[in-house]
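Numbering (the numbering used here), first residue to last: 69 to 286.
Taking it in order: structure first as structure tokens, then the write-up.
Next up, the structure:
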């Protein structure tokens with residue numbers, strides 16, 4: 069559906085074959101791994117990886133509970149002057165907070181290598197929280213795999229201090245500075261598919277070969 073945002077023809081290339089190859093070649097004992105979706109929304113992508121690698125699938129459900137800081141009203145100025153007649157119509161009604169379900173993991177990750185897959189990793193808070201949950205459930209090693217590694221703000225520090233063992237992203241986005249700050253960040257080179265796509269488009273050749281066995285969920 070991303071093609072709908074452009075006024076000219078585009079092809080949405082996939083990095084999943086490169087990431088799957090990395091899993092097979094660079095993760096020792098990957099056969100003892102389980103693919104993890106950090107939310108139900110990411111389950112289709114994770115299932116595609118699991119099916120191609122012949123591995124099990126786990127899905128993390130629920131959200132972290134609100135902290136006390138979430139309850140602050142963010143006001144830096146004095147409140148409105150109250151009506152001296154006692155009328156309270158100017159009081160702001162507060163919506164009752166929804167009760168968030170506790171975080172649960174559907175799938176057995178005990179004594180397994182957990183591999184969380186996603187399309188983008190930028191704000192790493194959810195990934196760090198997911199890694200902690202997986203460690204608590206018995207996973208002994210945690211990998212994060214994503215196509216685009218934005219890794220903004222203090223993401224390198226948070227990754228370095230977390231239960232995450234390795235973050236693997238492609239070189240679609242420059243992240244050399246982040247790698248210097250965090251040795252856990254690894255890069256998969258996808259320049260080959262980009263160069264081949266450019267060559268085929270320039271020469272008017274078919275792009276179908278680049279999408280062999282590729283589905284919309286990859």
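Using N, Cα and C, we set each Cβ at its ideal position, and we do this for glycine too.
Quantities reported herein were computed from a predicted structural model and do not represent experimental measurements.
CB of residue i within 9 angstroms of CB of residue j, strictly
i, j, result
"residue 235", "residue 208", "no"
"residue 171", "residue 199", "no"
Minimum Cβ-Cβ distance from residue i to chain C less than 9 angstroms
i, result
"residue 97", "Protein chains in the displayed structure number just one, and chain C is not present."
Range of the contiguous beta strand (DSSP E) that encloses residue i
i, result
"residue 125", "124-129"
"residue 286", "Per DSSP, residue 286 belongs to no beta strand (DSSP E) and is neither H nor E."
"residue 260", "Here residue 260 belongs to no beta strand (DSSP E); instead the alpha helix (DSSP H) covers 259-270."
"residue 209", "209-217"
"residue 114", "Segment 111-121 is the alpha helix (DSSP H) holding residue 114; no beta strand (DSSP E) there."
Cβ neighbour criterion (16 or more within 10 Å) applied to residue i
i, result
"residue 215", "buried"
"residue 186", "buried"
"residue 89", "exposed"
"residue 238", "buried"
"residue 173", "buried"
"residue 162", "exposed"
"residue 251", "exposed"
Residues sharing a beta bridge with residue i, DSSP
i, result
"residue 234", "211"
"residue 189", "217"
Rounded C-alpha distance that separates residue i from residue j
i, j, result
"residue 266", "residue 178", "44 angstroms"
"residue 72", "residue 246", "32 angstroms"
"residue 74", "residue 116", "27 angstroms"
"residue 204", "residue 195", "14 angstroms"
Alpha helix (DSSP H) segment containing residue i, residue limits
i, result
"residue 276", "Premise fails: residue 276 is in no alpha helix (DSSP H) and is neither H nor E."
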